[in-house]
Ligand SMILES: Nc1ncnc2c1ncn2[C@@H]1O[C@H](COP(=O)(O)OP(=O)(O)OP(=O)(O)O)[C@@H](O)[C@H]1O
């Protein structure tokens, strides 16, 4: 891992009117990193991912800084996203159809992307496009298909080809497999991480899927109600969570919890406009005590590589089942 981060995010906020949905988030992404952002629905994962690239929805106000290291110094990614698009940073969205034009065959779209990035002839661009599609497992014959003629898995592969054809330094994938069947998810994630490795890009992967994090991520950032909960090397965070919330997400992965279709953690996250005072997770937390209900925990370095935002981090038992016995 390089010493200097490729991307430094400091105090990122995203608000709709007076309601902050991402609240003071700071993290780094290194040049050879796969950073997974996990958390329940509504935690602010997608908005964080999109805000990194200046692609937040209309009506959102973004604060804080997102800086990217380059050969010539650092640069504000959001400000330059339009110019850098495809070359330095790229997005793989949840919904492939939204990323592809409905009126052109995918190979033509990819060839156009190649020509926007490099001075090459049409013929050369077409050949590069076909190769890029083949590398992600879209057979040459399917390149002439329009997006709606492709299966969901093939479409998402085509989007991965689009996102990586310019060999960007950073790929942000916003729940890239949510729309797919379970069997296809792993295949498509594998294609994405293979392309990342082949091009040397860093990857920010937004996902609900902790199994995917275990399999593919080097580091993980757990979010809850728009804030940092826990971050560090994925194997260590998932192997021995230090935040009760992470322990709850893990307990929900056990066969018993799955079979019973239990929610990840009992209760539901608070609505962004109605956060409790103190730690937003306190009302659902089996370890909460008085200070948790009054004072919001700040990220604390618990060792050289891990941070936890929890007053009770040292009381979290080694096994997730110890905290959420009904789930495990
Ligand atoms: N365009 C919008 N206008 C108002 N609120 C929004 C908008 N987009 C998202 N939100 C709110 O911001 C919060 C965070 O949304 P976000 O999509 O980032 O969550 P998420 O963690 O990615 O969830 P999911 O896993 O379901 O995609 C949610 O409470 C959501 O309702």
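Residue numbers (the UniProt record's numbering): 1 to 328.
We put the beta carbon where it would ideally sit given N, CA and C, even for glycine.
Note that the coordinates shown come from a computational prediction; the quantities given were computed from them, not determined experimentally.
Which residues DSSP lists as bridging residue 68, in chain order: On the chain shown, position 68 is the one that residue 68 refers to. BP columns for residue 68 point to 7 and 75.
Range of the contiguous beta strand (DSSP E) that encloses residue 181: What you label residue 181 is simply residue 181 of the chain shown in a count that begins at 1. It is not in any beta strand (DSSP E) - residue 181 carries neither H nor E in the DSSP assignment.
With a cut-off of 5 Å, give the chain-ordered residues whose Cβ is closer than this to any heavy atom of ligand 1. Having a Cβ closer than 5 Å to some heavy atom of ligand 1 are 16, 21, 41, 42, 43, 44, 45, 46, 47, 57 and 272.
Inside the segment 16-44 only - alpha helix (DSSP H) runs reaching at least 4 residues: none
Exposed or buried, which one is residue 291 when buried takes at least 16 other CB atoms within 10 Å? The residue labelled residue 291 in the question sits at position 291 within the chain shown. So residue 291 counts as exposed.
Looking at C-alpha atoms only, which residue of 136, 12 and 133 is the closest neighbour of residue 53? Mapped onto the chain shown, residue 53 falls at position 53. Selected option, being the one with the closest Cα: 12.
In three-state DSSP terms, what is residue 192? Numbered from its first residue, the chain shown carries residue 192 at position 192. Under the three-state reduction of DSSP, residue 192 is assigned to helix.
Assuming residue 106 is part of the alpha helix (DSSP H), what are its boundary residues? The residue given as residue 106 occupies position 106 in the chain shown. Note, residue 106: alpha helix (DSSP H), 106-117.
List the endpoints of the continuous beta strand (DSSP E) containing residue 230. Walking along the chain shown from the start, residue 230 turns up at place 230. 227-233 is the extent of the beta strand (DSSP E) around residue 230.
The segment 215-233 in contact with the segment 176-183 per 3-pair CB rule at 8 Å: no
Can you tell me the Cα-Cα spacing of residue 39 and residue 296, whole angstroms? Sequence index remark: in the chain shown, residue 39 carries index 39 (1-based). Sequence index remark: in the chain shown, residue 296 carries index 296 (1-based). Residue 39 and residue 296 have their C-alpha atoms some 18 Å from each other.
Residue 63, DSSP secondary structure in three states: Your numbering for residue 63 matches position 63 in the chain shown. Reduced to three states, the DSSP call for residue 63 is strand.
Starting from residue 133, trace the alpha helix (DSSP H) both ways and give me its first and last residue. In the chain shown, counting from the first residue as 1, residue 133 sits at position 133. Element bounds for residue 133: 122-135.
Examine the Cβ distances between the segment 156-172 and the segment 128-143 and report whether three or more of them are shorter than 8 Å. yes
Validate contact between the segment 294-312 and the segment 263-274 using beta carbons, cut 8 Å, 3 pairs: no
Could you say which of 43, 89, 62 and 190 lies nearest to residue 70 if we only look at CA atoms? Sequence index remark: in the chain shown, residue 70 carries index 70 (1-based). Nearest option by C-alpha distance: 89.
Length-filtered (3 minimum) beta strand (DSSP E) runs lying within the segment 194-220: For the segment 194-220, the continuous beta strand (DSSP E) assignments of 3+ residues that do not extend past its boundaries occur at 202-206, in sequence order.
Please report the Cβ distance between residue 143 and residue 105, rounded to the nearest whole angstrom; I am assuming they are in contact, meaning their Cβ atoms lie under 8 Å. Taking the chain shown and counting its residues from 1, the one referred to as residue 143 is at position 143. Taking the chain shown and counting its residues from 1, the one referred to as residue 105 is at position 105. That belief holds up - the Cβ atoms of residue 143 and residue 105 are roughly 7 Å apart, short of 8 Å.
Quick one: Cα of residue 280 to Cα of residue 274, how far? Working through the chain shown from its first residue, we reach residue 280 at position 280. Working through the chain shown from its first residue, we reach residue 274 at position 274. If I take the Cα positions, the gap works out to 10 Å.
DSSP three-state assignment for residue 305, whether helix, strand or coil: Against the chain shown, residue 305 aligns to sequence position 305. Note: residue 305 maps to coil in three-state DSSP.
For residue 174, write down the residues that DSSP places opposite it in a beta bridge. In the chain shown, the residue the question calls residue 174 occupies position 174. Answer is 206, bridged to residue 174.
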